[in-house]
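Residue numbers (the working numbering): 40 to 125.
What follows is the structure in structure tokens.
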């Protein structure tokens, strides 16, 4: 191009990065039969010797829409969630 035209050449933008896919954490839903409170379910889970591995690898505990408890496991936790199914 001539410099006398008054035009300038524009550089192209960098290519946009693709977003990394985020994986969901493993989760275990515990539903109570009866009228157990939130605290009673937590104490039962912590007291159960079969669930000791679960209680040490929990990242977040929250209620589902149905009122059950959902335990989200840490990403670095070793075992699979299928081991806790009954």
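For every residue, glycine included, the Cβ atom is placed at its ideal position computed from N, Cα and C.
Exercise for the section: Return the bridge partner residues of residue 99 from the DSSP annotation. Expected result: 111
Practice task
Measure the beta-carbon distance from residue 110 to residue 78 and round it to whole angstroms, keeping in mind my assumption that it falls under 8 Å.
Solution key: Residue 110 to residue 78, Cβ: 15 Å. No contact.
Exercise for the section: Keeping to the same chain, check which residues put their C-beta closer than 6 Å to that of residue 71; ignore five residues upstream and five downstream. Expected result: Counting only Cβ-Cβ distances below 6 Å, and skipping sequence neighbours, we find 80.
Practice task
Please determine, among 107, 112, 101, 113, the residue with the shortest C-alpha to C-alpha distance to residue 73.
Solution key: 107
Problem - Limits of the alpha helix (DSSP H) - the one that residue 84 falls within - result: 77-86
Handout entry: residue 112 burial status per 10 Å Cβ neighbour count (16 or more: buried)
Key = buried
Practice task
Please confirm whether residue 64 and residue 102 have their CB atoms less than 9 Å apart.
Solution key: no
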